[in-house]
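Data block below; observations after.
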Amino acid sequence: TRKLKASLVGRDVPILTVSQDFDEAYPAVARWIKTLGRIEIGIEEGQGFVVRALSQEGLVFEDRRSQTLGEALIALERGIAQAGL
34 TRKLKASLVG RDVPILTVSQ DFDEAYPAVA RWIKTLGRIE IGIEEGQGFV
84 VRALSQEGLV FEDRRSQTLG EALIALERGI AQAGL
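In our numbering, each residue carries its 1-based index in the sequence shown increased by 33.
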């Protein structure tokens, strides 16, 4: 079981600290965060989860169809991997 720990830094910005096995479960996401850009994960009111992969140039991948955080992370992993990023 993966555990995410949220803490607040600065102006109520949640920062997630993840265990080492996150890199193993989501290798494309981990590689993206460490080398290419950043991700955003959130909830849109009445819509479910939204996940995005962003580079310095802008939006690279987005998914708005997930109903759970787990589904959102899987969609992000697949989207980044399929794009060859």
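For glycine and all other residues, C-beta sits at the position ideal for the given N, C-alpha and C. Small disclaimer: the values here were computed from a predicted structure and weren't measured.
- C-alpha of K67 to C-alpha of Q80: approximately 29 Å in a straight line.
- Judged by beta-carbon spacing, E110 lies beyond the 7 Å limit of A63, meaning their Cβ atoms are not closer than that value.
- In this structure, the CA atom of L87 is about 5 Å from the CA atom of V93.
- Here the alpha carbons of E90 and V84 stand approximately 17 Å from one another.
- Take E95, set aside five residues on each side of it, and the residues of its chain with a beta-carbon closer than 6 Å to its own are R85, in chain order.
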